[in-house]
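What follows is a short report on a single structure.
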Amino acid sequence: MEFGDILQNLKKGIYHPIYLLQGEEPYFIDELSNYIEKNVLTDAEKGFNQTIFYGKDSDALTIAESSMRFPMMASKQVIIVKEAQSLAKIDTLTSYAERPLESTILVLDYKYKNLDSRTKLVKAIKKNGVVFTSKKLYENKIPGWIDVYLKNHDYTITPQAALLLTSYLGTDLSKIANELNKLVIAVKESTKITPEHIEKNIGLSKDFNVLELQNALGDKNVLKANKIINYFGANPTLNPIQKTIAGLYFYFSKLFTYHFLTDKSERNVAAELRVHPFFVREYVAAAKKYSPTKLYEIMGILREYDMKSKGFNVSTMVETGDLQKEMIYKILH
Numbered sequence: 001m002e003f004g005d006i007l008q009n010l011k012k013g014i015y016h017p018i019y020l021l022q023g024e025e026p027y028f029i030d031e032l033s034n035y036i037e038k039n040v041l042t043d044a045e046k047g048f049n050q051t052i053f054y055g056k057d058s059d060a061l062t063i064a065e066s067s068m069r070f071p072m073m074a075s076k077q078v079i080i081v082k083e084a085q086s087l088a089k090i091d092t093l094t095s096y097a098e099r100p101l102e103s104t105i106l107v108l109d110y111k112y113k114n115l116d117s118r119t120k121l122v123k124a125i126k127k128n129g130v131v132f133t134s135k136k137l138y139e140n141k142i143p144g145w146i147d148v149y150l151k152n153h154d155y156t157i158t159p160q161a162a163l164l165l166t167s168y169l170g171t172d173l174s175k176i177a178n179e180l181n182k183l184v185i186a187v188k189e190s191t192k193i194t195p196e197h198i199e200k201n202i203g204l205s206k207d208f209n210v211l212e213l214q215n216a217l218g219d220k221n222v223l224k225a226n227k228i229i230n231y232f233g234a235n236p237t238l239n240p241i242q243k244t245i246a247g248l249y250f251y252f253s254k255l256f257t258y259h260f261l262t263d264k265s266e267r268n269v270a271a272e273l274r275v276h277p278f279f280v281r282e283y284v285a286a287a288k289k290y291s292p293t294k295l296y297e298i299m300g301i302l303r304e305y306d307m308k309s310k311g312f313n314v315s316t317m318v319e320t321g322d323l324q325k326e327m328i329y330k331i332l333h
């Protein structure tokens, strides 16, 4: 089942006796597990009927025995096993999973990896309950996720602001959701989040960031690129060279890919480059200013300075800010 389907069923009071919530992305696991923990039972019912176990401090036999108890003065009991990936001999739960009690809701929070789908345990849970696999979102999917998240809070966001947040926060959904919650609370004058709101409330400069550096390089705007890279050098903690290199590598890789697309329609370019359609024209314009040969050279430059940033073939006396300036000069010339 998909995340949205499971959550909707929970909100409708449709419960299953056992849930295996597994996968690389902990955010969706936490959202489902927390909803069950907070909403299935009333506060009065929780005292006798809700138990939280932690994988590394528990054993599977105790969890199975607890799951077989009947609720007291309630229709359900809830048992949640957090960090279930640390539970020793988890296969001991197989016998219970094959014949779970309808009055028990057993939730296994199995984070950062998946149980082998061929095991009897997983097969039993699939038959009698719900198996949800939480997958990491690729970076190109994050702006869309941000947009949906804010719409659920009656806010919208500009494409530029969504991309700015993505470049700053990466793909950690829990971290992104936390920052979005801050924005929703802080922004009162509008229901549309803009780069100005992000600069004011999160502290990320809307003018001096990797996205603006990409735009400056795409336009071959030497003055703007140098202003941004000088700002990076003066604020190395907020703008580490490795983050700059990673952002530029993905950017120039997309420009390189564009040159070899046979279908250069806006829709196909957006799909192939994995960018928001809003930004396609910017990528097309930038690609026209860089030949495939130059782009290949640029990717070599970025690899060179990635190695230098890690201490290879460079003096320990050289500041990372100076490395970034030198790298940008080579890209532009």
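So in UniProt numbering, spot 68 of the sequence shown is number 68, and the numbers just go up one at a time. For each residue, glycine too, the CB sits at the ideal point set by N, CA and C. Just so you know, these numbers come straight off a predicted model, no measurement behind them.
Checking the DSSP bridge columns, you'll see Lys113 partnered with Gly23. Here the alpha carbon of His333 sits roughly 20 Å from the alpha carbon of Phe250.
Closest in C-alpha terms to Lys289, from the list Gly13, Tyr258, Lys308, comes Tyr258. When DSSP states are grouped into helix, strand and coil, Ile14 belongs to the coil group.
Residue environment for Leu61: exposed (fewer than 16 other C-beta atoms within 10 angstroms of its C-beta). In the DSSP assignment, Tyr54 is bridged to Lys82. Taking 8 Å as the upper bound for CB-CB distance, Leu7 and Asp109 are not in contact here, some 15 Å apart. Judged by DSSP secondary structure, Ser134 falls within the beta strand (DSSP E) whose first and last residues are 130 to 134. Per the coordinates, the alpha-carbon of Leu10 lies some 8 Å from the alpha-carbon of Ile36. Spatial neighbours of Gly247 in its own chain (CB-CB distance under 8 Å, excluding positions within 5 residues in sequence) are listed in chain order as Ser167, Val210, Leu211, Leu213, Gln214.
Between Ala161 and Ile198, the C-beta gap is smaller than 7 Å, which places the two residues in contact. When DSSP states are grouped into helix, strand and coil, Val275 belongs to the coil group.
Counted as a single uninterrupted DSSP element, the alpha helix (DSSP H) harbouring Asn230 occupies residues 222 to 234. Between the region 111 to 120 and the region 136 to 144 there are fewer than three C-beta pairs closer than 8 Å, too few to call the two in contact. The Cβ neighbour count for Met327, taken over all protein chains shown within 10 Å, is at least 16; the residue is labelled buried. Short of 8 Å from the beta carbon of Glu102, and not among the five residues preceding or following it, lie these beta carbons of its own chain, in chain order: Pro17. Rounded to whole angstroms, Tyr96 and Tyr149 show a C-alpha spacing of 37 Å.
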